[in-house]
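Colleague:
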Amino acid sequence: MGHDETPPGLESGLVLPSGRTSSDNSQHFPDKAEIERLGRARPAVLPSLVTEVFFVVTIVLSMTMSEYFIGGFNIVLPPIADALAMPEDVRTWPAGVINLTTAAFLMPFSRLCDMYGARSVFLFGHVWYMIWSLVCGFSTNTVMLIICRALQGIGTSAFTPAGLALLGQTYRPGPRKNLATAGGLINTLLYLGLAFWLGIAEMAVSEANRRALPEGLSLREQYKIGFWIGVALAGVSMLMVVTIKIDRAAAELTADEKAARAEREGGAR
Numbered sequence: 001m002g003h004d005e006t007p008p009g010l011e012s013g014l015v016l017p018s019g020r021t022s023s024d025n026s027q028h029f030p031d032k033a034e035i036e037r038l039g040r041a042r043p044a045v046l047p048s049l050v051t052e053v054f055f056v057v058t059i060v061l062s063m064t065m066s067e068y069f070i071g072g073f074n075i076v077l078p079p080i081a082d083a084l085a086m087p088e089d090v091r092t093w094p095a096g097v098i099n100l101t102t103a104a105f106l107m108p109f110s111r112l113c114d115m116y117g118a119r120s121v122f123l124f125g126h127v128w129y130m131i132w133s134l135v136c137g138f139s140t141n142t143v144m145l146i147i148c149r150a151l152q153g154i155g156t157s158a159f160t161p162a163g164l165a166l167l168g169q170t171y172r173p174g175p176r177k178n179l180a181t182a183g184g185l186i187n188t189l190l191y192l193g194l195a196f197w198l199g200i201a202e203m204a205v206s207e208a209n210r211r212a213l214p215e216g217l218s219l220r221e222q223y224k225i226g227f228w229i230g231v232a233l234a235g236v237s238m239l240m241v242v243t244i245k246i247d248r249a250a251a252e253l254t255a256d257e258k259a260a261r262a263e264r265e266g267g268a269r
């Protein structure tokens, strides 16, 4: 019987599909200390601490905006219902329909984040949300309000997964990512921000009522202010994500582009 020939490169390690051996590839694997260091370091695509803070705050603002119009809407529902002479049996629809459309479009927009990049979907969601929040303020009847609220949910379903995708693409797994997400920073700022913007809306309505004395503002004018403050919040969040300069690889690459880049980097090693 003849001796089996050893495939080229097998004596130095497993032959990989790219033609390199596992021993060649192993030298590129960081050790535990290096992984720990990278997990604590600021991402290279965020050049300064200020940029990093603004980046995280932008994601928080988008979530705050969502909660402002979903959870906060129940607070302003009574005056809206009175202003539009809304029947009792349909008053749950303006509050709940936004959750329905958000849930329906969440997965499709998550897929679009992979296809076209999270940053593009994030910006689209904000623009869409601003438009229909503005139209909500001009609602003249119950049906118009319900339709506008349903269309608001499409914007929410776009920027919610896109914001989380931006965080996931930017941070390596590690303590720094945990601090920004699972560590509670976002959740804390989220509900503090919700309370802050609801307070701002209340102060704006109170000040407008004071200036409109003696007759004061109508109920319809009061709830318009609440919607328009939400539009301003969406505008601030969108402006921040437009102006913050982060590497395109962390914000705009599609799933196919990421795979192609990883293959090129692997072949260059």
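Just so we're aligned, residue 1 is where the sequence shown starts under UniProt numbering, counting upward by one. For glycine and all other residues, C-beta sits at the position ideal for the given N, C-alpha and C. Source: prediction; values computed, not measured.
1) Taking the alpha-carbon positions, what's the C113 to A104 distance?
2) Report the option in A162, Y116, H126 whose CA atom is closest to the CA atom of V236.
3) Measure the alpha-carbon distance for V143 versus F124 and round it to whole angstroms.
4) Identify, in the order they occur along the chain, each residue of the same chain with its Cβ nearer than 6 Å to the Cβ of G94, setting aside the five sequence neighbours on each side.
5) Quick check on this structure: which residue in T64, G168, Y129 has the alpha carbon closest to the alpha carbon of I154?
6) I'd like to know whether the C-beta atoms of L106 and S157 end up nearer to each other than 8 Å.
7) From the DSSP output, in three-state form, read off N141 for me.
8) Pick out whichever of Q152, V121, T170 has its Cα sitting closest to the Cα of F69.
9) Is S48 helix, strand or coil by DSSP?
10) Excluding the five sequence neighbours on either side, which residues of its own chain have a C-beta within less than 6 Å of the C-beta of N99, listed in chain order?
11) How far does the alpha helix (DSSP H) with D114 in it reach, from first residue to last?
12) Per DSSP, what kind of secondary structure is M63 in: helix, strand or coil?
13) With 16 other CB atoms within 10 Å as the buried threshold, where does V53 fall?
Modeller: For this structure:
1) 16 Å
2) H126
3) Rounded to whole angstroms, V143 and F124 show a C-alpha spacing of 25 Å.
4) Sequence check: residue 94 is Pro here, not Gly. Excluding positions up to five away in sequence, the list reads L145, I146, R149.
5) Y129
6) yes
7) coil
8) For F69, the closest alpha carbon among the candidates Q152, V121, T170 is that of Q152.
9) The answer is coil: DSSP assigns S48 none of H, G, I, E or B.
10) Contacts found: none.
11) Going by DSSP, D114 is part of the alpha helix (DSSP H) stretching over 92-116.
12) helix
13) Taking all protein chains in view, the Cβ of V53 is surrounded by fewer than 16 other Cβ atoms within 10 Å, so the residue is classified as exposed.
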